[in-house]
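The structure appears below as structure tokens.
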Amino acid sequence: MTVEAQKETRGFQTEVKQLLHLMIHSMYSNKEIFLRELISNASDASDKLRFEAIAKPELLEDAPNLRIRISGDEQNRTLTIEDNGIGMSREEVIENLGTIAKSGTAAFMQQLTGDQKKDSQLIGQFGVGFYSAFIVADKVEVYTRRAGLPATEGVHWESTGEGEFNIATVEQPERGTRIVLHLKAAEAEFADGWRLRNIIKKYSDHISLPIELPKQHFGEEQDKPAETEWESVNRASALWTRPRTEVKDEEYQEFYKHVAHDYENPLSWSHNKVEGKLEYTSLLYVPGRAPFDLYQREAPRGLKLYVQRVFIMDDAEQFLPLYLRFIKGVVDSNDLSLNVSREILQKDPAIDSMKSALTKRVLDMLEKLAKNQPEQYATFWKQFGSVMKEGPAEDFANREKIAGLLRFASTSNSDDSENVSLDAYLERMVEGQDKIYYLTGERWSQVRNSPHLEIFRKKNIEVLLLTDRIDEWLMSHLSEYKDKQFVDIARGDLDLGTLEDEDKQAQEEVAKAKEDLLKRIKEVLGADVDQVKVSHRLTDSPAVLVINEDGMGVQMRKILEATGQKAPESKPILEVNPQHPLLEKLDAEQDEQRFADLTRILFDQAALAAGEALQDPGAYVRRLNSLLVELSR
């Protein structure tokens, strides 16, 4: 009989209550995955004990052989999962089983819709493995003791998943954790030994320590029950140590779900063994969906690090650059010390060499995915494209390789889908074109209808349309691709080289003839513009705003302002189309006040077309209303 002390009842964190409600009332399409999640947690607990025991061998006590044991009791309708891993203290039980201490929790909760089917998929994406027990159980009990603590400091936790849990201090002779699931009547099948064997072989065969079930006995019944004999039902060998030819795709996929705590299959993976000056094995995965904390650059990230198959740490971020923080997997080195720490990793020259090789391997994997499975790559880009755009600034050595993986919207698209690669753009360049043209803006509709595109439509030149907030920053770090220079068509003087019209001289003569008009417009606008000039880029619109060569674009200014920083002052250039009827009327206008009002309307319209916010919207509306009233007379 277990004697309980310091017993108390506590309420779950609000987020946990919502999750438990969804777990209990939403049915996963495949309920048996709860066992995979609990086995995965037990495996992690054993990994952590192995690591801590490197410095403190006494933590292994008198049980150095780590294993997971699972048993079902059909008569009492219970299922028990037991490990002799690191275990938990009372404080750790409260923290791990009563709260969700994970970055992105707030973002996750905001995603919940109330649609049980959709929300259950989100739960899987969030990776709250332990709570999946409530899919099949109406009560869950946990008995645990952390390695190194006395037997008197065991912990008993129990809950029916209805908002509260009980916790008490108990006698626990063995370290580790035992979870007892009291199965719902409809889920009694999960206490059957053969059913459990099949689930373990299907989902957890890759786990690198033995998963044991009671040995099945056939024949005559014995007079007295014998001591339980256990047998391992999985391979119990680290999957990444096996030859690639011996590993099935299904095994790779299940191992990914274990490593990443994800419910979905990965898009791609790369398994590689390196021998020579450095010896290590890597198994890298590209997930199919972005985690909630992807854009929190300080969130835990990185690969699982093993040294000679001994687990060292969960999130070793030193092996991949920050822009590849979504990559999951393991790296197992033969050259690093078992006592390696984060600080030592940062100073070890071998790490730089491994990081360079692993980064190249990930980029090669993505290139292969883009080439051979474009639909899968489109999924990848939708999930991780914005993060990949951080690459050219962070990884100079692979800048061109990363650029080849980028995807953009363009004038060749009928919608705002980002599916144009730079290689595809180069293949479609018109004869005589030697530059890659692009235009940035806040929205697809804004850039797709920008006056800046008029000359390019006339000459059938494709333009990349960049509307992601990070795009202007990206292009400031990406000057060329395959010897072709990038040109922002809204910045500085537009030089189309040999693609310019043959009547360029005639245009220059027009500019000279309109010097007085340009001077009058500049006098009205004063300090609001840097200069006023005749445009060579307009064919249909009366005017357009152009950014100075060294000026800051609208996207960057808004990013700075959103972070509370003041953007440097930059005055635009107003380019006008003197052949447009509005400019012809403006040129003929003798009333200076009317000329000033029309000029201001022209300038404000150009600002709106560029995505700028008007300095004085009320004045613009008054001038426009006055003009409309006059025209209606």
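Here the sequence shown is numbered in my numbering, starting from 630 and rising by one per residue.
Using N, Cα and C, we set each Cβ at its ideal position, and we do this for glycine too.
What you are looking at is a predicted structure, and each value in this text was computed from that prediction instead of being measured.
Should residue i be labelled buried (16 or more other beta-carbon atoms within 10 Å of its own) or exposed?
| i | result |
| --- | --- |
| S669 | buried |
| R774 | buried |
| E637 | exposed |
| D673 | buried |
| K1000 | exposed |
| Y924 | exposed |
| G931 | buried |
| V991 | buried |
| R807 | buried |
| L810 | buried |
| G848 | Its pLDDT being 48, under 50, G848 is placed unreliably by the model, and the measurement read from it follows with that caveat. By the neighbour-count rule (16 or more Cβ atoms within 10 Å), G848 is not buried but exposed. |
| P920 | buried |
| D1100 | buried |
| I662 | buried |
| G640 | exposed |
| E850 | Any reading at E850 must be qualified, since the residue scores a pLDDT of 49, below 50, and its modelled position is unreliable; the value itself is stated next. E850 is exposed by the Cβ-count criterion. |
| V1059 | exposed |
| N1027 | buried |
| E1234 | It should be pointed out that residue 1234 corresponds to Gln in this sequence rather than to Glu. Q1234 comes out buried. |
| W823 | exposed |
Give me the Cβ distance between residue i and residue j, rounded to the nearest whole Å; I'm assuming they're in contact under 8 Å.
| i | j | result |
| --- | --- | --- |
| H1106 | A1022 | 4 Å |
| D821 | E893 | In fact, because the Cβ distance is near 28 Å, the residues do not count as touching under 8 Å. |
| A1119 | I1176 | 6 Å |
Looking at the unbroken beta strand (DSSP E) that takes in residue i, where does it start and where does it end?
| i | result |
| --- | --- |
| H1106 | H1106 -> no beta strand (DSSP E), and no H or E assigned at all. |
| I941 | 939–945 |
| K620 | The structure shown does not extend to residue 620, since the chain is modelled only from 630 to 1262, so the question has no answer here. |
| Y892 | Note, Y892: premise wrong, no beta strand (DSSP E); not H, not E. |
| T806 | 805–812 |
| D961 | 957–962 |
| V969 | Note, V969: premise wrong, no beta strand (DSSP E); not H, not E. |
| V1161 | 1160–1163 |
| R1098 | That residue, R1098, is in no beta strand (DSSP E); it is neither H nor E in DSSP. |
| T781 | Note, T781: premise wrong, no beta strand (DSSP E); not H, not E. |
| F1115 | 1113–1117 |
| G640 | 634–640 |
Give the straight-line distance between the Cα atoms of residue i and residue j, rounded to the nearest whole angstrom.
| i | j | result |
| --- | --- | --- |
| G753 | Y1006 | Because G753 carries a pLDDT of 49, less than 50, the predicted location of this residue cannot be relied on, and the following value inherits that uncertainty. If I take the Cα positions, the gap works out to 22 Å. |
| L1050 | L1123 | Reading the sequence as shown, one finds Ser at residue 1050 and not Leu. Computed Cα separation, rounded: 24 Å. |
| F706 | L812 | What sits at residue 706 in the sequence shown is Arg, not Phe. Going by the C-alpha atoms only, they are around 6 Å apart. |
| E1259 | L1227 | 13 Å |
| D1179 | K1200 | 11 Å |
| E1091 | R679 | 58 Å |
| V939 | R1036 | 40 Å |
| M717 | V960 | 27 Å |
| D1063 | V936 | 51 Å |
| L825 | S899 | 31 Å |
| E711 | Y885 | 23 Å |
| E1109 | H1081 | 21 Å |
| P998 | K976 | Residue identity check: residue 998 is Leu in the sequence provided, not Pro. Taking the straight line from one Cα to the other gives about 34 Å. |
| F819 | D767 | 13 Å |
| L838 | L995 | 32 Å |
| A1032 | L1189 | 25 Å |
| A979 | D676 | 24 Å |
| G727 | E1019 | 36 Å |
| V915 | K1011 | 13 Å |
| I1084 | H1165 | 8 Å |
| L592 | L951 | Limits of the chain in this structure are 630 at one end and 1262 at the other, which puts residue 592 out of reach. |
| D981 | F948 | 8 Å |
Could you check whether the Cβ of residue i sits closer than 8 Å to any Cβ belonging to chain C?
| i | result |
| --- | --- |
| D1157 | No chain C appears in the structure shown, which is made up of a single protein chain. |
What residue range does the alpha helix (DSSP H) around residue i cover?
| i | result |
| --- | --- |
| Y885 | 878–889 |
| N1078 | Run containing N1078: none; DSSP gives neither H nor E here. |
| T988 | 978–1001 |
| G822 | 822–832 |
| N725 | 719–727 |
| D676 | 662–684 |
| S1261 | 1246–1261 |
| D702 | Per DSSP, D702 belongs to no alpha helix (DSSP H); it is in the beta strand (DSSP E), 697–702. |
| P693 | Per DSSP, P693 belongs to no alpha helix (DSSP H) and is neither H nor E. |
| V1092 | Looking at the DSSP string, V1092 is not in any alpha helix (DSSP H), and its letter there is neither H nor E. |
Does the pairing of the stretch 865–873 with the stretch 902–916 give three or more beta-carbon distances under 8 Å? Three or more Cβ pairs drawn from the stretch 865–873 and the stretch 902–916 lie within less than 8 Å of each other, which places the two stretches in contact.
Decide yes or no for the touch test of the stretch 823–841 against the stretch 691–700: beta carbon pairs closer than 8 Å, at least 3 of them. Enough Cβ pairs lie closer than 8 Å, so yes.
Does the stretch 1166–1181 come close enough to the stretch 1069–1081 that 3 or more CB-CB pairs lie under 8 Å? Yes: the two stretches touch, three or more of their Cβ pairs being nearer than 8 Å.
Any contact between the stretch 1134–1146 and the stretch 1054–1074? By contact I mean 3 or more CB pairs, one from each, below 8 Å. Using a Cβ-Cβ distance cut-off of 8 Å, the stretch 1134–1146 and the stretch 1054–1074 are not in contact, since fewer than three pairs of beta carbons, one from each stretch, lie closer than that value.
Are there three or more Cβ pairs, one per stretch, closer than 8 Å when the stretch 944–961 is compared with the stretch 1038–1048? Three or more beta-carbon pairs separated by less than 8 Å are not found between the stretch 944–961 and the stretch 1038–1048, which leaves the two stretches without contact.
May I ask you to verify whether the stretch 872–889 touches the stretch 856–863, counting CB pairs closer than 8 Å and requiring at least 3? Segments in contact, no.
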